[in-house]
Structures are given as C-alpha cells and as structure tokens.
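Peer 1:
Chains as they are written, first to last, in our numbering: chain L, 1 to 39; chain V, 40 to 341.
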C-alpha cells in the first residue's frame with residue numbers, strides 16, 4: 001500500500017492524493033505545472 | 040456583462056438555435072474566480088492553490104483568476120476578500136484562517152451575488168459553501184492507530200496546526216475522542232506548528248533535546264521533518280502519524296525500522312472547491328452547505 005502511494009515526481013511536502021474522483025479533471029502533469037487560465 | 044449575468048439571461052431565451060449562438064458568446068466570456076489563501080511556504084497549501092489553478096484551466100469555464108496568496112491572519116484575509124469583491128469576481132474559493140472571524144466579508148460577498156466556497160476547513164457563515172476533508176475523522180483515524188501502536192499507554196507528543204484554524208479545532212475534537220478511548224495515553228507535550236516545516240522541526244528537536252520520554256508523535260501534517268528530527272538527534276524512532284505528504288510516505292517505505300501511518304488529506308481539495316464553485320455558478324446547487332470528502336483508510340507501515 002505504501003509503495004503504491006509513493007510518487008517521486010512530487011515535492012516532498014505535497015500530498016500524494018493529487019486528485020479527487022468526481023471533483024477534479026486535471027492531469028498529474030497539469031497540477032505540477034501549476035498553471036491557471038491565461039498563464 | 041459578467042459571465043454570470045450572461046448565463047442568467049440565457050435561461051430566459053427561447054429557441055435552440057439562438058441558445059446555441061449565445062452559448063458560444065458566453066463561453067467566450069468565462070468566469071473570473073477569486074482565490075484567498077493565508078499560508079505561504081507550506082507544501083500542502085501550495086498544492087491546494089495549484090489544484091485550484093489546474094482545475095480552473097481544465098474546466099474551460101474560467102477566463103482569469105484573481106489570487107490573494109500571502110501569509111496573513113484573519114484581519115488580512117478580511118481585506119483580501121473585500122478586495123476580491125471590489126474586483127468583481129464571480130466566485131471566491133477560500134481557505135479560511137478562522138471558522139468565524141472572516142464571516143463578515145463572506146456575507147458581504149454573497150450579498151453581492153458572489154458564490155463563496157470554503158475549502159479544507161469550514162466557515163460558520165450560512166451563505167457560504169464548505170467542502171473539506173472530514174478533519175475530525177482525519178485526526179481520530181491517525182490517533183487511534185497511534186495509540187494502538189503505543190500499546191494504549193505512554194507519553195505522546197501532540198503537534199497541532201495553527202491555533203484558531205477551523206481544521207485544527209476539528210482535528211482536536213477527533214484527537215481528544217481517541218485520547219478519551221485510551222486512558223493510558225498522556226500528552227507529554229502539545230505544540231502548535233503553525234503548519235510550518237521549520238517551526239515544527241525545531242519544536243521536535245527541542246523536545247528531544249530536553250530528554251523527556253516520547254513514545255509516539257501525532258502530527259497535523261508537518262511530518263517528514265519530524266522523522267528527520269529524530270534521525271538528526273540520534274534518538275530511536277517512535278511511531279509517528281502524519282499526512283499523505285510525498286516525503287513522509289517515502290520515509291514510511293524507506294527508513295529502516297520506522298513505523299508510522301499516513302492519513303489522507305488531499306491538497307487537491309482546492310480543485311474540488313473550484314469545481315463546486317463553478318457548478319453553483321452553472322446552476323448545480325448542492326442540497327447542503329457542507330460537503331465532505333472522506334479520509335482514505337490509513338496507510339501504515341508493517
């Protein structure tokens with residue numbers, strides 16, 4: 001369970017739960033890019 | 040004309056062809072969403088803001104964001120929210136610094152027709168919507184696991200978040216519930232980390248240097264640096280509870296002899312809050328004012 005939860009691509013302070021089913025539609029790359037509309 | 044006004048107008052227009060044409064015009068003029076956050080230098084909050092931005096972009100409904108993102112208190116957040124009202128945003132997604140101290144500005148916003156969604160921790164203002172992790176359950180899950188690991192007895196260090204924050208209050212309720220179920224556990228030290236990595240680490244270093252017995256540590260998400268503090272102090276690790284932060288999860292998998300648990304507390308709640316605000320603007324109003332995402336089961340090292 002722990003191994004599956006790891007994500008070496010994330011900042012150590014970022015939660016690994018980067019998405020919430022039915023509520024978020026962005027990709028992992030998009031949240032890491034941290035860009036909003038017009039940026 | 041704001042996008043909200045345009046969509047309200049569209050509801051009164053008959054004729055599919057005309058609606059289709061106006062829908063195209065409305066899409067060309069998307070929403071402006073305000074964001075208010077009062078903690079910088081914290082990875083969880085950074086992810087939360089990035090989730091808001093990414094979700095706004097992904098939705099295709101938002102033209103621009105107006106972001107108030109700084110270290111401040113409730114007084115500063117009142118000012119930030121009033122600035123967002125003056126800027127004419129359609130909705131405000133806010134991580135509140137207090138459960139009730141910013142209610143006056145929120146009420147002013149909703150009276151102006153602005154949708155307000157509080158994420159991560161709730162506000163008591165009745166006109167706002169709240170979407171968060173169940174913070175009481177978050178603390179109860181982790182503390183119950185920890186006290187079991189401690190054999191139901193011994194001294195625990197209780198490392199809270201920010202004093203007065205709604206999430207900290209709710210987590211304290213959960214922690215105290217678990218504590219009441221384990222009368223052999225005593226709180227050796229209780230500190231507020233302010234959800235700041237450097238502050239929390241220094242507090243743990245000081246506690247370990249004092250030599251007081253510690254049999255377990257519960258943290259409100261300032262976690263990987265607590266493990267670091269034990270290692271740097273050359274003190275044997277004890278069971279530690281944290282959030283599902285990447286660094287802490289990595290330590291659970293890699294630090295030899297370390298037993299801990301990570302309880303899910305998604306910074307992506309910021310993205311969920313953005314979605315909730317947009318759904319309300321689009322006419323999909325939830326039945327209740329408060330929505331929870333349930334904490335995932337704890338992830339404990341063997």
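Note that CB positions come from ideal geometry on N, CA and C, so glycine has one too.
1) Measure how close the beta-carbons of residue 34/V and residue 175/V come, nearest whole angstrom, since I'm counting them as under 8 angstroms.
2) For residue 320/V, decide whether its Cβ has a neighbour in chain L, counting only Cβ atoms nearer than 8 angstroms.
3) Can you find the residues in the same chain that come closer than 6 angstroms, C-beta to C-beta, to residue 165/V, ignoring five residues on each side of it along the sequence?
4) Counting pairs of Cβ atoms below 8 angstroms between the segment 131 to 138 of chain V and the segment 198 to 211 of chain V, do you hit three or more?
5) Quick check on residue 94/V: buried or exposed, where buried means 16 or more other Cβ atoms within 10 Å of its Cβ?
6) Taking Cβ positions only, does residue 105/V come closer than 8 angstroms to chain L?
7) Select from the segment 181 to 197 of chain V all residues with a C-beta closer than 8 angstroms to any C-beta belonging to chain L, and list them in chain order.
8) Considering only C-alpha positions, which residue in the set 284/V, 313/V, 307/V is nearest to residue 15/L?
9) How would you write the range of the beta strand (DSSP E) that residue 111/V sits in, first residue to last?
10) From the DSSP secondary-structure annotation, give me the bridge partner or partners of residue 342/V.
11) Which residues of chain L have a Cβ atom closer than 7 angstroms to the Cβ of residue 257/V, listed in chain order?
12) Using 8 angstroms as the limit for Cβ to Cβ distance, is residue 308/V near chain L?
13) Output yes if chain L places a C-beta closer than 8 angstroms to the C-beta of residue 46/V; else output no.
14) Taking Cβ positions only, does residue 176/V come closer than 8 angstroms to chain L?
15) Can you determine whether any heavy atom of the ligand GDP sits closer than 7 angstroms to the C-beta of residue 171/V, and answer yes or no?
16) Just curious, the beta strand (DSSP E) that residue 301/V is in, first and last residue?
17) List the whole-angstrom C-beta distance separating residue 169/V from residue 328/V, where the pair is believed to meet the contact cut-off of C-beta under 8 angstroms.
18) Starting from residue 310/V, follow the alpha helix (DSSP H) in both directions and report where the run begins and ends.
19) What does the alpha-carbon distance come out to for the pair residue 231/V and residue 115/V?
20) Answer with yes or no whether the minimum CB distance from residue 102/V to chain L is below 8 angstroms.
21) By the 8 angstroms beta-carbon criterion, what residues does the segment 289 to 304 of chain V contribute toward chain L?
22) Among 190/V, 220/V, 151/V, 224/V, whose alpha-carbon lies nearest the alpha-carbon of residue 197/V?
23) Check each residue of the segment 76 to 105 of chain V: if its Cβ is closer than 8 angstroms to any Cβ of chain L, include it; give the result in chain order.
24) With a threshold of 8 angstroms between beta-carbons, can residue 283/V be considered close to chain L, or not?
Peer 2: Reading it off the structure:
1) What the structure shows of chain V is the stretch from 40 to 341, and residue 34/V is not part of that stretch, so it cannot be assessed.
2) no
3) none
4) yes
5) Within 10 angstroms of the beta-carbon of residue 94/V lie 16 or more other beta-carbons, which makes it buried.
6) no
7) none
8) Of the candidates 284/V, 313/V, 307/V, the one whose C-alpha sits nearest the C-alpha of residue 15/L is 284/V.
9) No beta strand (DSSP E) contains residue 111/V, which DSSP labels as neither H nor E.
10) The structure shown does not extend to residue 342/V, since chain V is modelled only from 40 through 341, so no value can be given for it.
11) Residues of chain L passing the Cβ test: none, with the nearest at roughly 17 angstroms.
12) yes
13) Any reading at residue 46/V must be qualified, since the residue scores a pLDDT of 32, below 50, and its modelled position is unreliable; no value is offered.
14) no
15) Looking for the ligand GDP in the displayed structure turns up nothing, as the structure carries no ligands at all.
16) Element bounds for residue 301/V: 299 to 302.
17) Contact check for residue 169/V and residue 328/V: beta-carbon distance about 6 angstroms, within the 8 angstroms limit, so the pair qualifies.
18) 308 to 320
19) 21 angstroms
20) True, the Cβ-Cβ gap to chain L drops below 8 angstroms.
21) Flagged, chain order: 289, 291, 292, 301, 303, 304.
22) Considering only alpha carbons, the answer is 224/V.
23) Considering only beta carbons, the part of the segment 76 to 105 of chain V lying closer than 8 angstroms to chain L consists of 81, 82, 83, 85, 86, 88, 89, 90, 91, 92, 93, 94, 95, 96, 97, 98, 101, 102, 103, 104, in chain order.
24) yes
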